[in-house]
Amino acid sequence: MADDGAPSTACTGSSLLQPLSELTDLPLDQVNFVACQLCALISAFWFRLFLHPSKTSPIIRHVVATLLGLYFAMFCFGWYALHFLVQSGLTYGIMILTGVEHMHKYCLVVALTYLSLCQITRVYVFDYGMYTADFTGPMMVITQKITSLAFEIHDGELHSQTGCFPRMPSLLEYFSYNCNFMGILAGPTCSYNDYIGFIEGAPRRCRDYKDERKSSSKLRHSEPSPNVTTSFFCLLVFLSVCKVFPVERNIDDNFIANTPFYAQVVYLYLSMLTTRPKYYFVWTLADAINNAAGFGFNGYDSDGSARWDLISNLRILKIEFATSFKVFLDNWNIQTAHWLKRVCYERCPYHPTAATFILSAMWHGAYPGYYLTFLTGIVITLAARAVRHNVRPYFLHSSVHKLVYDVITWAATQIAICYTVIPFVLLSVGPSMKFYSSWYFSLHIGCILVAFVLPVKRRNLPLKDQQKSPVQESFQRHLEATDRTCSQKAKTT
Numbered sequence: 001m002a003d004d005g006a007p008s009t010a011c012t013g014s015s016l017l018q019p020l021s022e023l024t025d026l027p028l029d030q031v032n033f034v035a036c037q038l039c040a041l042i043s044a045f046w047f048r049l050f051l052h053p054s055k056t057s058p059i060i061r062h063v064v065a066t067l068l069g070l071y072f073a074m075f076c077f078g079w080y081a082l083h084f085l086v087q088s089g090l091t092y093g094i095m096i097l098t099g100v101e102h103m104h105k106y107c108l109v110v111a112l113t114y115l116s117l118c119q120i121t122r123v124y125v126f127d128y129g130m131y132t133a134d135f136t137g138p139m140m141v142i143t144q145k146i147t148s149l150a151f152e153i154h155d156g157e158l159h160s161q162t163g164c165f166p167r168m169p170s171l172l173e174y175f176s177y178n179c180n181f182m183g184i185l186a187g188p189t190c191s192y193n194d195y196i197g198f199i200e201g202a203p204r205r206c207r208d209y210k211d212e213r214k215s216s217s218k219l220r221h222s223e224p225s226p227n228v229t230t231s232f233f234c235l236l237v238f239l240s241v242c243k244v245f246p247v248e249r250n251i252d253d254n255f256i257a258n259t260p261f262y263a264q265v266v267y268l269y270l271s272m273l274t275t276r277p278k279y280y281f282v283w284t285l286a287d288a289i290n291n292a293a294g295f296g297f298n299g300y301d302s303d304g305s306a307r308w309d310l311i312s313n314l315r316i317l318k319i320e321f322a323t324s325f326k327v328f329l330d331n332w333n334i335q336t337a338h339w340l341k342r343v344c345y346e347r348c349p350y351h352p353t354a355a356t357f358i359l360s361a362m363w364h365g366a367y368p369g370y371y372l373t374f375l376t377g378i379v380i381t382l383a384a385r386a387v388r389h390n391v392r393p394y395f396l397h398s399s400v401h402k403l404v405y406d407v408i409t410w411a412a413t414q415i416a417i418c419y420t421v422i423p424f425v426l427l428s429v430g431p432s433m434k435f436y437s438s439w440y441f442s443l444h445i446g447c448i449l450v451a452f453v454l455p456v457k458r459r460n461l462p463l464k465d466q467q468k469s470p471v472q473e474s475f476q477r478h479l480e481a482t483d484r485t486c487s488q489k490a491k492t493t
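Here this note's numbering is used: the first residue of the sequence shown is 1, the next is one more, and so on.
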């Protein structure tokens, strides 16, 4: 049992809100985080109204965004926030000193290594599982931004003269991109071009929006409407329900011995369901902050209404009603999924699915439960892909059959997600293996068998296409789309 002083020692940031922490019975680091995000939301409205690009130079906007971000980071994490500057400074030096041909690889290795060292130190040098909100969380987003920019510069300098790829940023632009107040605490990551376009007041840089020719006047008058209600509803659900269905009960000996298996399955679903609103709250609030600052415009729908989902990180309804493992992953932590796809999946010549899950595990942290989750995710993904390719076509001839298929796959997807993710919550090897053994590793064994019995057929490509590397194919598609977009923009101007 932790002593009464534990909550205060678990926070490295400001103790100014300690009375509020004691009043709400919440850890001080969580209180600091929410307070800073609320201040960031207020600052975002102020930033858009009083430091609008039409009134202020980009330099002033860069300076203010960076200083506010560093202040919020210091308030939450104390001197640990200096790691954000050190990691960014190291990789900026690498970008300057190394050639364009190799900068992306060096930046990925250095940024990920520095992040991993911080995560290992936090987990194994300090108390295991001590922090509920720690300084390596923002470093994870900064790592994404560093590597994304390095890969974009590498691809653009070597293969494109269109100007649609980013050039080497100044030091101020680089720190502003990595440490701005809108995304330093909870992200999400974003394209460097999109961020610079937002700062300079040109949010449509090399983007092909529908009805672009008639949207210029609408863009000036289109104002963001950050949906804060969803954020705090999710927080309320999490605080009120998560203690009713503790995840640890899934490995309780009495619960396992005295509860029918079908009831264990239902409880597993409910206990994991109640952990998700915490992430919904963090990501929807982060989205609201960016939108309030004017960042996030993504063109117009077919009916002419503005879209503010450029850097949105989740789609809640698609997550909760996902009928496949892929649909769930595509709508959960969206910007991280895009990052993994750009830097790993599309560039890895061998076993890209396994490589992407392993990179994701390394990026998430040093807890063994993370690796168990993502290693399990590999076999689940391969099995789900095989079922979708081999079984789904038989249910598409009738709407009734399709409905039956959707109901069955929804239930199977939710169980598979819960089974996969529970080590991510339990963190340690012992409790995780205890859970899997209580299920007799049934999903592991079943998915391995399915992946072998129902293999996914590889596409038959022409010989000249087979000789191309995945990196070349991916980049060629991206380059053609970018050149086409920029050509269209040139014609309209």
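Just so you know, even glycine gets a beta-carbon here, dropped at the ideal spot from N, CA and C.
In this text the structure is predicted, and so the values were computed from the model without any measurement.
Non-local beta-carbon contacts of PRO423 in its own chain, meaning distances under 7 Å to residues more than five positions away in sequence, involve GLY369, LEU372, THR373, SER432 in chain order.
Where PHE84 is concerned, the enclosing alpha helix (DSSP H) starts and stops at 82-97. Apart from sequence neighbours up to five positions away, the residues of its chain that approach LYS318 with a beta-carbon distance below 7 Å are VAL327, ASN331, ordered along the chain. For ALA286, the three-state secondary structure derived from DSSP is helix.
Closest option to ALA355, judged by alpha-carbon separation, among ALA366, LEU382, GLN335, ASN333: LEU382. Counting of Cβ neighbours within 10 angstroms places LYS145 among the buried residues, the total reaching 16 or more. Apart from the 5 residues on each side of it in sequence, PRO277 sits with its Cβ closer than 6 Å to the Cβ of CYS234, VAL237, PHE238 in its chain, given in chain order.
Taking the CA atoms as reference points, PRO53 sits about 15 Å from PHE297.
ILE96 and LEU82 have their alpha carbons spaced roughly 21 Å apart.
Burial check for ALA150: the Cβ neighbour count within 10 Å reaches 16 or more, so the residue is buried. Straight-line measurement puts the Cα of VAL343 at about 16 Å from the Cα of HIS364. A distance of 7 Å or more separates the beta carbons of SER312 and ALA384. DSSP places TYR350 outside both helix and strand once states are collapsed to three, so it counts as coil.
Taking the C-beta atoms as reference points, GLN119 is found nearer than 7 Å to ALA366. Around the beta carbon of PHE175, a 10 Å sphere encloses 16 or more other beta carbons of the protein chains shown; the residue is thus reported as buried. Nearest in C-alpha terms to ILE334, of all of ALA111, CYS107, ALA73, VAL141, is VAL141. Here the alpha carbon of LEU285 sits roughly 43 Å from the alpha carbon of PHE452. Burial state of ALA411 is exposed, judged by a 10 Å Cβ sphere holding fewer than 16 other Cβ atoms. With fewer than 16 other beta carbons inside 10 angstroms of its own, ASN258 counts as exposed. When Cβ pairs closer than 8 Å are counted between the two stretches, the segment 439-455 is seen not to touch the segment 298-306, the count staying below three. By the CB criterion at 7 Å, SER399 and ILE256 fall outside the cutoff.
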